[in-house]
Amino acid sequence: MVIARSAMLFVVAAFFEIGGAWLIWQGVREHKGWVWIGAGVIALGLYGFVATLQTDADFGRILAAYGGIFVAGSLAWGMVADGYRPDRWDVLGALICLAGMAVLMYAPRGR
Numbered sequence: 002m003v004i005a006r007s008a009m010l011f012v013v014a015a016f017f018e019i020g021g022a023w024l025i026w027q028g029v030r031e032h033k034g035w036v037w038i039g040a041g042v043i044a045l046g047l048y049g050f051v052a053t054l055q056t057d058a059d060f061g062r063i064l065a066a067y068g069g070i071f072v073a074g075s076l077a078w079g080m081v082a083d084g085y086r087p088d089r090w091d092v093l094g095a096l097i098c099l100a101g102m103a104v105l106m107y108a109p110r111g112r
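Using my numbering, the letters of the sequence shown map in sequence onto residues 2 to 112.
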């Protein structure tokens with residue numbers, strides 16, 4: 002149950018961070034305006050809050066592990082929102098990042 006909760010929090014955090022960055026990108030690069038930018042800033046703030054809900058108390062470990070989720074999530078977001086088609090190297094890189102995340106977060110520790 003602890004791993005499922007942690008994984009769910011990572012997914013929610015990724016939604017807010019990647020979504021927030023995408024909204025700002027749309028507001029600035031695609032000229033959609035300040036409402037999009039403002040929504041992105043709010044989403045990024047929510048990401049920062051969600052990240053604090055992980056049960057592990059080590060900030061560095063949480064953010065380092067989250068990096069793997071961010072990489073894979075960014076590719077997935079690009080596929081859904083922008084029609085991006087990752088190649089096999091993108092997929093391999095994302096899988097390596099996810100494996101690293103799993104080792105960082107869920108490896109047994111002798112604490």
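The beta carbon of each residue, even a glycine, is placed where N, CA and C say it ideally should be. As the structure is a computational prediction, the values presented were derived from the model and not from experiment.
- Task: To the nearest angstrom, report how far apart Asp88 and Ala95 are at their CA atoms.
- Result: Your numbering for residue 88 matches position 87 in the sequence shown. Your numbering for residue 95 matches position 94 in the sequence shown. Going by the C-alpha atoms only, they are around 11 Å apart.
* Let me know the secondary structure DSSP gives Arg110 once reduced to three states. => Here residue 110 refers to the residue found at position 109 of the sequence shown. Coil.
Chain-order list of residues whose beta-carbon lies under 6 Å from that of Phe1 (same chain, five-residue window excluded): The shown model of the chain, from 2 to 112, leaves out residue 1, and the question about it has no answer.
Q) Taking one C-beta from the stretch 95-108 and one from the stretch 59-69 each time, how about it: are there three or more such pairs within less than 8 Å? A) yes
If we count the other Cβ atoms within 10 Å of its Cβ and call it buried at 16 or more, is Ala82 buried or exposed? In the sequence shown, counting from the first residue as 1, residue 82 sits at position 81. When all chains shown are included, Ala82 counts as exposed.
**CB contact flag (Ile97, Phe11, <8 Å)** = Working through the sequence shown from its first residue, we reach residue 97 at position 96. Working through the sequence shown from its first residue, we reach residue 11 at position 10. Not a contact, by the Cβ cut-off of 8 Å.
request  = Please look up how many angstroms separate the CB atoms of Leu21 and Tyr48, rounded, as I've assumed it's under 8 Å.
outcome  = Indexing the sequence shown from 1 puts residue 21 at position 20. Indexing the sequence shown from 1 puts residue 48 at position 47. Note that residue 21 corresponds to Gly in the displayed sequence, not to Leu. At roughly 6 Å, the Cβ-Cβ gap stays under 8 Å, so Gly21 and Tyr48 are in contact.
* Asked: For the putative contact between Val3 and Thr53, defined by C-beta atoms under 8 Å, what is the C-beta separation to the nearest angstrom?
  -> On the sequence shown, position 2 is the one that residue 3 refers to. On the sequence shown, position 52 is the one that residue 53 refers to. That pair is no contact at about 16 Å.
**Report entry** Backbone CA spacing between Ala44 and Ala8 [nearest angstrom]
**Finding:** One-based indexing of the sequence shown puts residue 44 at position 43. One-based indexing of the sequence shown puts residue 8 at position 7. Between Ala44 and Ala8, the C-alpha separation is close to 19 Å.
Proximity winner among Ala5, Arg6, Trp23, relative to Ala77 (alpha-carbon distances) = The residue you call residue 77 lines up with position 76 of the sequence shown. For Ala77, the nearest C-alpha among the options comes from Trp23.
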